[in-house]
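Trainee:
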Amino acid sequence: MTQRGAEHRCGWWIVTLVLLAPAPAVAREPVVAVENTGSGCNVRGTFQAPVSGAVAWAVLTDYDHIGEFVRSVRSSRVERREGGKILLRQTALGSVFLFRRRVEVLLELHEIPGRRIAFHDVLGKDFQSYVGEWRVAADSVGSRVEYDLAAEPRALPRSFCRGALRKMARDLLEQVRAEMLRRGAGPRL
5 MTQRGAEHRC
15 GWWIVTLVLL
25 APAPAVAREP
35 VVAVENTGSG
45 CNVRGTFQAP
55 VSGAVAWAVL
65 TDYDHIGEFV
75 RSVRSSRVER
85 REGGKILLRQ
95 TALGSVFLFR
105 RRVEVLLELH
115 EIPGRRIAFH
125 DVLGKDFQSY
135 VGEWRVAADS
145 VGSRVEYDLA
155 AEPRALPRSF
165 CRGALRKMAR
175 DLLEQVRAEM
185 LRRGAGPRL
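Under the working numbering, the first residue of the sequence shown is numbered 5, with each subsequent residue one higher.
(1) Between the stretch 133 to 148 and the stretch 86 to 96, can you find at least three pairs of beta-carbon atoms closer than 8 Å?
(2) Return the CA-CA distance between LEU153 and LYS171, expressed in angstroms with no decimal places.
(3) Tell me the DSSP bridge mates of PHE73?
(4) If you drop the 5 nearest sequence neighbours on each side, which residues of the same chain put their C-beta closer than 6 Å to that of ILE70?
(5) Among residues of its own chain, excluding the 5 on either side of VAL158, which ones have a beta-carbon nearer than 7 Å to its beta-carbon?
(6) Between VAL3 and ARG32, what straight-line distance do the alpha-carbon atoms span, to the nearest angstrom?
(7) Excluding the five sequence neighbours on either side, which residues of its own chain have a C-beta within less than 8 Å of the C-beta of PRO34, listed in chain order?
(8) If you draw a straight line from the C-alpha of MET184 to the C-alpha of GLY42, how long is it?
(9) Apart from the five residues just before and just after GLU150, which ones in its own chain have a Cβ nearer than 6 Å to its Cβ?
(10) Quick check on the DSSP output: the beta strand (DSSP E) that includes GLU137 runs from which residue to which?
(11) Looking only at DSSP bridge pairs, what is ASP152 linked to?
(12) Do GLY118 and GLY57 have their beta-carbon atoms positioned less than 9 Å apart in this structure?
(13) Is VAL82 helix, strand or coil by DSSP?
(14) Report the rounded CA-to-CA distance for ARG106 versus SER144, giving the unit in angstroms.
(15) Here's the rule I'm using: 16 or more other beta-carbon atoms within 10 Å means buried, otherwise exposed. How should ALA142 be labelled?
(16) Run the CB neighbour count on ALA37, radius 10 Å, all protein chains shown included, and call it buried at 16 or more, exposed below.
(17) Taking the alpha helix (DSSP H) that ALA173 belongs to, which residues open and close that run?
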């Protein structure tokens, strides 16, 4: 066999190994879908992060510090914890085109530790209905996070639902994922 023939066979073997080797786990960026309903909309989002479930859960339940890593959240504070129920007051800034609107919710949270956070607004100031949940599950990358929200705004145009909630949800998921990656990286040496 000539040297060129050996190089060709060797090159073919390396290409074959690369093509047949399992692909490295790649964390997927957030995906968000919005569906209009009667006077509101449903938002569904998901992402993967190469972090443990414990890290993902710690970020999602860091209620008093959400505003430090989610830019639209102006304030977030736990008002009460009792009997497995948490009351969380949040103020956020939403925008449609050039218009900005401040929204406030008082979320009643119910946790299934490490797996699920269900929430609904009991204030009713800016939303007729605001109900959703976060879910965390282990997967081949590390953790898969899912977000669902059914919102029916009060006195806000339908365009808020379609445009602003889509953008807010995408930004929320990207920023939550970035915080998970930051915390999952551990201390820098």
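The beta carbon of each residue, even a glycine, is placed where N, CA and C say it ideally should be.
Being a predicted model, the structure only gives us computed values, none of them experimental.
Mentor: Let me spell this out:
(1) no
(2) 13 Å
(3) Answer is none; PHE73 lacks a bridge partner.
(4) VAL77 and SER80
(5) Looking at the sequence provided, one finds Arg at residue 158 rather than Val. Within its own chain, the residues whose Cβ lies closer than 7 Å to the Cβ of ARG158, once the five positions on either side in sequence are excluded, are ASP130, PHE131 and GLN132, listed in chain order.
(6) This structure gives no information on residue 3, because the portion of the chain shown stretches from 5 to 193.
(7) GLY49, THR50, PHE51, ARG174, LEU177, GLU178 and ARG181
(8) The alpha-carbon atoms of MET184 and GLY42 are separated by roughly 35 Å.
(9) Non-local beta-carbon contacts of GLU150 in its own chain, meaning distances under 6 Å to residues more than five positions away in sequence, involve THR50 and ARG139 in chain order.
(10) 131 to 142
(11) ARG48 and GLU137
(12) yes
(13) strand
(14) When rounded, the distance between both Cα atoms is 39 Å.
(15) exposed
(16) exposed
(17) Element bounds for ALA173: 169 to 188.
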